[in-house]
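Going by the working numbering, the letters in the sequence shown line up with residues 264 to 657, in that order. Just so it is clear, CB atoms sit at the ideal spot from N, CA and C, and this is done for glycine as well.
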Amino acid sequence: MLHQLCHSAGGLMAATGTGPLAGVRVVELAGIGPGPFAAMLLADLGADVVRVDRPGGAGLAVDPEYDLTNRNKRSVIVDLKAAEGPGLVLDLVERADILIEGYRPGVAERLGVGPEECLGRNPRLVYGRMTGWGQDGPLAQRAGHDIAYIAVTGTLGMIGGADGGPVVPANLVGDYAGGSLYLVIGVLAALQHARGGGAGQVVDAAIVDGAAHLATMIHGMMAAGGWQDRRAANLLDGGCPFYGTYETSDGQYMAVGSLEQRFYDEFVRLLGIEDEAPARKDLARWPALRTTIADRFRTRTREEWTAVFEGSDACVAPVLSLKEAPHHPHLAARATFTGHGGITQPAPAPRFSATPGSIRRPPALPGADTADVARDWDLPALRPGPESTPVQEA
């Protein structure tokens with residue numbers, strides 16, 4: 264059943280932006296993690312994204328006002344287990360270009376909003392499915408999270424020191440890089456096909472597939488004998504002393520990426536170890552080189568070393584925290600972060616010269632945009648009747 268929250272001022276804002284996806288309509292069946300982030304990316308680029316929330320919320324203890332993955336969207340609440348629920352979603356689908364869902368395989372079908380029903384109502388629809396394990400395979404019905412998906416693909420096993428266990432890279436590599444971004448690529452490619460005269464189709468975006476695909480170059484290097492299948496033993500995984508992080512005297516860190524010879528030469532000169540650094544191509548002396556670099560970095564603070572390398576091509580940068588990053592001079596100059604609704608957050612990316620994306624709306628509150636969506640999508644059935652009771656947030 265559809266319910267309505269008290270109408271907010273945000274509901275009066277424009278439904279779609281001026282980005283390259285302006286005019287594209289997206290239905291997002293509410294979930295958590297990579298699906299919402301993918302829908303946010305589409306919304307940032309101008310798509311009109313309507314999030315179909317369930318009564319009672321998504322089960323994740325995040326205050327909706329701070330859930331930035333729901334920015335630039337609008338929300339309605341539909342109970343898909345109620346008799347009229349699937350029909351309301353199919354009415355939206357009939358007017359949409361893309362649908363995104365992140366249920367376990369078979370759940371959307373049981374709810375009456377699977378690919379067969381949706382494509383039956385809208386043959387040009389792109390039906391995007393976001394899962395960890397994929398729509399088939401022995402683990403398809405099993406629960407999981409980012410860490411398990413990147414674990415079985417070999418991606419997690421690459422990250423960390425030689426003497427310890429793998430290091431968890433937050434949930435960025437699996438959920439968002441291997442999941443959300445591949446889903447976005449998939450649905451936009453399928454939309455291009457549909458708009459070019461083809462039919463709609465199902466996009467099966469699995470985090471295991473995307474996370475494995477991200478390591479394509481590494482697999483090539485391993486096949487050529489240029490990558491060892493163990494942690495911290497290679498050029499790009501921390502095994503190389505001039506590609507890694509070093510602690511400074513104040514307990515902070517500097518990141519070094521001086522791979523090319525000319526960059527390395529500038530690095531050792533500015534670091535002040537030209538006369539004592541072992542030959543960089545002698546792998547047997549890499550431990551000694553690492554010690555030399557580490558000892559030198561520990562003689563000054565992060566701020567002092569940042570000043571030393573500023574303006575150089577040594578490929579050295581300070582390791583900043585999440586709170587520090589927006590204040591970095593380069594990121595500030597590019598407006599990589601922006602403020603909206605009192606929250607500092609990453610700005611839409613990538614950038615377009617003619618059709619820039621923007622943040623138009625704060626995070627959508629569950630059910631707050633029912634009346635606007637009913638009007639803009641020409642769906643009178645969505646309009647709440649006088650007997651509708653506003654839903655209160657928990």
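Please state whether DSSP places H603 in a helix, a strand or coil. strand
Taking only the alpha-carbon atoms, compute the straight-line gap between A468 and S443 and give it to the nearest angstrom. 8 Å
Only counting runs of 3 or more residues, tell me where the beta strand (DSSP E) segments fall wholly within the segment 547-614, in order along the chain. 579-581, 600-603 and 606-609
L585 to P378 span [Cα, whole Å]: 40 Å
Close-in-space but distant-in-sequence residues of the same chain around V466 (CB under 6 Å, 5 per side omitted): G391, G449, V450 and A453
Could you give the residue range of the beta strand (DSSP E) that holds E364? I361 to E364
Expressed to the nearest angstrom, what Euclidean distance is found between the alpha-carbon atoms of A557 and V531? 12 Å
Please report the distance separating the alpha-carbon of L421 from that of A495. The sequence given here has Met at residue 421, not Leu. Distance between the alpha carbons of M421 and A495 is about 8 Å.
Assign R314 to one of two classes, buried (16 or more other C-beta atoms within 10 Å of its C-beta) or exposed (fewer than that). buried
In this structure, what does DSSP give as the bridge partners for T508? A518
Tell me whether I422 sits in a helix, a strand or coil according to DSSP, three-state version. coil
Write down every uninterrupted run of the alpha helix (DSSP H) in the segment 438-506 whose length is 4 residues or greater and which is fully enclosed by it, in chain order. 444-458, 470-477 and 479-486
Measuring straight from C-alpha to C-alpha, what distance separates T562 and R493? 31 Å
Skipping 5 residues on each side, what residues in its chain have a beta carbon closer than 7 Å to that of V431? I410
With distances taken between CB atoms, is the gap from N333 to P626 smaller than 8 Å? yes
Compare the C-alpha of I606 against each of A285, L304, L308 and E328 and name the closest. E328
For E291, is the classification buried or exposed, using 16 other Cβ atoms within 10 angstroms of its Cβ as the cut-off for buried? buried
Cα-Cα separation between R458 and V287, rounded to whole angstroms: 11 Å
According to DSSP, simplified to helix, strand and coil, what is T618? coil
Here's the rule: buried if 16 or more other CB atoms are within 10 angstroms of the residue's CB, otherwise exposed. What is Q464? buried
How many Å lie between Y527 and E539 at the Cα? 14 Å
Between the alpha carbons of Q524 and R543, how many angstroms are there, rounded? 9 Å
Name the residue from V312, D354, E567 and L498 whose alpha carbon lies nearest to the alpha carbon of R624. V312
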